[in-house]
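Chemist:
This is how it looks when you write it as structure tokens:
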């Protein structure tokens, strides 16, 4: 190394030497929390998950089994009636043997585990949203790609405060190498103003929005989805699934904060996000939803070439 | 109440009709003609005294008959004047520097900020004291010296962040000769814009704000620059590791007109240029990349008479980051073509302040001094990036047939704030018990929050395309005004008070906000060396700084109040004890409580960078409060000078308004809450040739938000193989765990401490001028102080990592003075 190199390195070191080191956490460690999570779907088996939190800088964080609480107690109350204790199925998952949540039910959960305070939470199952129509049109864009335009009209007069919309292209593709079909999915997009109100947009596959923004008795949402992954010759099934869910306020707040949290994970310039919780004395979420699913088959769709051979 | 008013009017009548004459004039430096700020004028017979104002003017009302006036200023030989007063007199005094070892002072006990004055929570810092503080890389820095005073906290390591009594970094009014500066940082906040060679005096107000100041909640830093030597030519040249400086001053017309010019430029970019190819292998001949900052201060003043002076001053300072890189790439992977791609990238970032001011000082009679200023100030930030590419395809079969495609892309961003202002200040001394200051300040703001330019052109033999897009937030115009009045009243020999009122208005987008801001301070002198003081201030602030709180970025934006974002307000009350020991050691203890309303905090998840959301949608407004005790001991005479400062303080925020809830509506610590802050700054002069200095600082770590617990959200992961996964898991949550931060700003960074040492060798040269070699070591014991703490992964385990920036850093600089 010649003298110029030494000088260059020295100059750089003097002026822009920054160093980083691992430091030991020196602060007051908070006590772990008991975590209760349940997002009951109307007319489905009632399930809840019980776990406990772990100190973030502990190596145990990487071992998912350390979170599970298998010998806790979760009691269910519906409309004030004691429905009894949920049974542990596996890995902290607890199920009720018979109860299926109904629209309008007020669900309360109480959870117990040794060394932790009792958890409590409540939520109500929302009304089902009526999808009035669901139309699709296949169009060709400027780049020559085929897209499907979807128009969903739904009834806003039902007493629902929050929605979650999921649109999925479900296609079974024959994989000639493996000799079986695989399922693909596509992202959808929409420039509808109800999704653009700041942080209310969700990820690619679902979006959440409040009814506050809707002023008419019915509302139509336009969305598009591209079809370029569909190879006509090997597609054995293809349909678009539209699921317009009515979600509880608790679930809405939860997804809202979760989206923000996930988007900004690792960002050094953003303020950290606290994920919403409605569990008293603990963490987690109890919030129900009611689905309304519509399927539109693409195989019978009057497609332009090259999809005509469907 | 009627009795009180009756007694008050009787008292005023008696005092006003007593036969008094006024002695007025300027106190100047004999050698330079420079006006002296804060010089003491004291009549030992009547025991009345005043100090000169920011322009060196004084006016003292004395009873008819004999007077024995003593004029003094620290470091200068005092002068006596024996007079027999039978009419108003104008006396210009020119003081000479003491031939003995110069003694510097932080707070003169006879000044308004010491034991005798009614002003509290304020510190005068002569520039000579600042120059003696050991500095990073030998770069004397006004703001860093102020950070060593009690009640003032720095942000992160070596930053110029300035947090006064629990306030935010945008709550400080930085004045350069009375004109607000919007960005006081160079090099992302590691240095400040004040060139010490041009500075004459610095006064910091942390509370007890005189009514003449307004517009910010937490502090006023009043920096006054030199006026220029009316007698002789002088100058200095200084070369350090980081920058070179030059200063020249002298008469244009002796005793009438003088100029002063100073400039500073860093040259790391020039020094590093030859070594860049060694550091970066892709660096080519003709490439250039670097960073520098510069400052230019210039001032001309002309004295028409003892009553009229005019000043024209100019300041310009910019940070410039530039890069110009060329690259060539040849692709032969395609057998039928050889492709050559030549690209040229040019990047120019520049940001900085520009200030001009025209000031006229006039003395009406002997009791009224006026100062009228017309000023223009701007801060702008410009980014310009150009990328040009030329692609040439040479068919192997026919190399002479070249297919050429060119493209040119320009991306630009500009933001700016401009102020055009008029200020009128009046000092009226109608009576020896009243020193009245009143005036008006009118400023027209133009906020240009951001203009983005995108231009793209591409052309080939067959196709040509062009895009030219301009995205601009509309400029916002606002009119801010302040009407102020204050009276420094001597009630009795031992009781003194300063009472004032500042009426502020801010007009923006058809909204008018206003504030009636009372200011009050009170001094009770127990003995000539001991006084108690109390004060109250109400302040309003109509503009906000949107910034990343850890590093001062040039893209930080100043924005005005809006329909949704209301003005910030604060109440501050303080109590203090001031004691002077044997005329050598000044001790003070002050306690304060400050409440703030409508302070801003970013919402959860909000980021100043990289978002299209309007800034108003990223912030919440709430309340804050801070309280603390500050201790200051200063020795200002003798060979050993310096100060010891200690602050205990607490600063909290509460955001519980509907729709603007943070931290579940519970109180949390402010980001720069710091429980203990201790600093020692000492300078020892062995003789006129050698002096040494040392600074030690210790501070409790500041706050940040860190997760404490991690939990699983099973609903996120249980369906990974299910078609229901189409519900979508947000990016980054695939492993189904969530980090939980129980309380905002819950984690305290490691404590900060550092020792700096410096030594100066002065030598008078035989033929001409004098020289000073300054050698210093910043962070002597190489303490790795936290710049930031963040989460990372090490061996698949989440760990805390701390970044430090400045290890031990030696420095040397050379100054030649003539």
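Chains as they are written, first to last, in our numbering: chain A, 86 to 395; chain B, 363 to 1180. Glycine included, every Cβ here is placed at the ideal spot set by N, Cα and C.
Is it the case that the Cβ atoms of residue 273 of chain A and residue 221 of chain A are separated by a distance below 8 Å?
Modeler: For residue 273 of chain A and residue 221 of chain A, no; Cβs fall outside 8 Å.
Chemist: Might you give, ordered along the chain, the residues of its own chain that have their beta carbon closer than 6 Å to the beta carbon of residue 537 of chain B, omitting 5 neighbours on each side?
Modeler: Only 584 meet the Cβ criterion.
Chemist: List the whole-angstrom C-beta distance separating residue 1020 of chain B from residue 359 of chain A, where the pair is believed to meet the contact cut-off of C-beta under 8 Å.
Modeler: Not confirmed; about 18 Å, so no contact.
Chemist: Residue range of the alpha helix (DSSP H) that residue 348 of chain A falls in?
Modeler: Per DSSP, residue 348 of chain A belongs to the alpha helix (DSSP H) from 334–349.
Chemist: Compare the C-beta of residue 1178 of chain B against all C-beta atoms of chain A and say whether one is closer than 8 Å.
Modeler: Not one chain A Cβ lies under 8 Å of residue 1178 of chain B.
Chemist: Using three-state DSSP, classify residue 1070 of chain B as helix, strand or coil.
Modeler: Three-state result, residue 1070 of chain B: coil.
Chemist: Along the region 955–967 of chain B, what residues have a CB closer than 9 Å to any CB found in chain A?
Modeler: Hits within the stretch, in order: 963, 964, 965, 966 and 967.
Chemist: Of all Cβ atoms in chain B, is any one closer than 8 Å to the Cβ of residue 122 of chain A?
Modeler: Chain B contact via Cβ: present.
Chemist: Taking only three categories from DSSP, how would you classify residue 928 of chain B?
Modeler: Coil.
Chemist: Check residue 547 of chain B in the structure and name its three-state DSSP category.
Modeler: Strand.
Chemist: So residue 239 of chain A contacts chain B; which residues on that side make the cut at Cβ distance below 7 Å?
Modeler: Those within 7 Å of residue 239 of chain A in chain B number zero; the least Cβ separation is about 18 Å.
Chemist: I need the straight-line Cα distance from residue 1098 of chain B to residue 1075 of chain B, nearest angstrom please.
Modeler: Approximately 6 Å between the Cα atoms of the pair.
Chemist: Does any CB atom of chain A fall closer than 8 Å to the CB of residue 1161 of chain B?
Modeler: Yes, residue 1161 of chain B counts as interfacial toward chain A.
Chemist: Any beta-carbon of chain B closer than 8 Å to the one on residue 286 of chain A?
Modeler: Note that residue 286 of chain A scores a pLDDT of 40, beneath 50, so its modelled location is shaky; the value from the coordinates is reported in the next line. Not an interface residue.
Chemist: Mind pulling the alpha helix (DSSP H) runs of 4 or more residues that sit fully within the region 608–634 of chain B?
Modeler: For the region 608–634 of chain B, whole alpha helix (DSSP H) runs of length 4 or above, ordered along the chain, are 630–634.
Chemist: Verify the CB distance criterion: does residue 376 of chain A have a CB-CB separation below 8 Å to chain B?
Modeler: False, the Cβ-Cβ gap to chain B never drops below 8 Å.
Chemist: Comparing the C-beta of residue 349 of chain A with each C-beta of chain B, is any distance below 8 Å?
Modeler: By this cut-off, residue 349 of chain A is an interface position.
Chemist: Is residue 733 of chain B closer than 8 Å to residue 312 of chain B when the C-beta atoms are compared?
Modeler: Since the displayed chain B opens at 363 and closes at 1180, residue 312 of chain B lies outside it and no answer follows.
Chemist: How should residue 466 of chain B be labelled, buried or exposed, when 16 other C-beta atoms within 10 angstroms of its C-beta is the threshold for buried?
Modeler: Confidence is the limiting factor: at residue 466 of chain B the pLDDT is only 44, short of 50, which leaves the residue's position unreliable, though a coordinate-based value still follows. Buried, because 16 or more other Cβ atoms sit within 10 Å of the Cβ of residue 466 of chain B.
Chemist: Where does residue 246 of chain A sit, in a helix, a strand or coil, going by DSSP?
Modeler: Here residue 246 of chain A sits in coil by DSSP.
Chemist: Please report the distance separating the alpha-carbon of residue 1142 of chain B from that of residue 148 of chain A.
Modeler: When rounded, the distance between both Cα atoms is 44 Å.
Chemist: CB-CB under 6 Å to residue 566 of chain B, same chain, minus the five flanking residues each way: which ones, in chain order?
Modeler: For residue 566 of chain B, where only same-chain residues beyond five positions count, the Cβ hits under 6 Å are 485, 508 and 583.
Chemist: In whole angstroms, give me the CA-to-CA distance for residue 802 of chain B and residue 1119 of chain B.
Modeler: Their backbone Cα atoms lie some 45 Å apart in a straight line.
Chemist: Pull up the DSSP beta-bridge partners for residue 587 of chain B, would you.
Modeler: Looking at the DSSP assignment, residue 587 of chain B forms a beta bridge with B/561.
Chemist: Specify the secondary structure class of residue 901 of chain B as computed by DSSP and reduced to three states.
Modeler: In the structure shown, residue 901 of chain B sits in a strand (DSSP, three-state: E or B).
Chemist: Give me, in chain order, the residues of the same chain whose beta-carbon lies closer than 6 Å to that of residue 738 of chain B; leave out the 5 immediate sequence neighbours on both sides.
Modeler: 718 and 782, listed in sequence order.
Chemist: Answer yes or no: do residue 742 of chain B and residue 711 of chain B have a C-beta to C-beta separation smaller than 8 Å?
Modeler: For residue 742 of chain B and residue 711 of chain B, no; Cβs fall outside 8 Å.
Chemist: Do residue 748 of chain B and residue 708 of chain B come within 8 Å of each other at the CB atom, strictly closer than that value?
Modeler: Yes, Cβ-Cβ distance for residue 708 of chain B and residue 748 of chain B is below 8 Å.
Chemist: Can you tell me whether residue 926 of chain B is buried or exposed, with buried defined as 16 or more other CB within 10 angstroms of its CB?
Modeler: It counts as exposed.
Chemist: Can you list, in chain order, the residues of its chain whose CB lies under 6 Å from that of residue 731 of chain B, leaving out five sequence neighbours each side?
Modeler: Hits under 6 Å: 419, 725 and 789.
Chemist: Quick check on the DSSP output: the alpha helix (DSSP H) that includes residue 490 of chain B runs from which residue to which?
Modeler: Taken as a continuous stretch (DSSP letters only), the alpha helix (DSSP H) holding residue 490 of chain B covers 489–494.
Chemist: Give the secondary structure of residue 1026 of chain B by DSSP, where H, G and I count as helix, E and B as strand, and everything else as coil.
Modeler: Helix, per DSSP.
Chemist: Just the chain A side, please: which residues come within less than 8 Å of residue 1103 of chain B by C-beta, in chain order?
Modeler: The answer, in chain order, is 357 and 359.
Chemist: Keeping to the same chain, check which residues put their C-beta closer than 7 Å to that of residue 143 of chain A; ignore five residues upstream and five downstream.
Modeler: Contacts found: none.
Chemist: Closer than 8 Å between beta carbons: that is the criterion. Which residues of the region 321–332 of chain A meet it against chain B?
Modeler: Cβ contacts with chain B: 326.
Chemist: Verify whether the separation of the beta carbon atoms of residue 629 of chain B and residue 605 of chain B is less than 8 Å.
Modeler: For residue 629 of chain B and residue 605 of chain B, yes; Cβs fall inside 8 Å.
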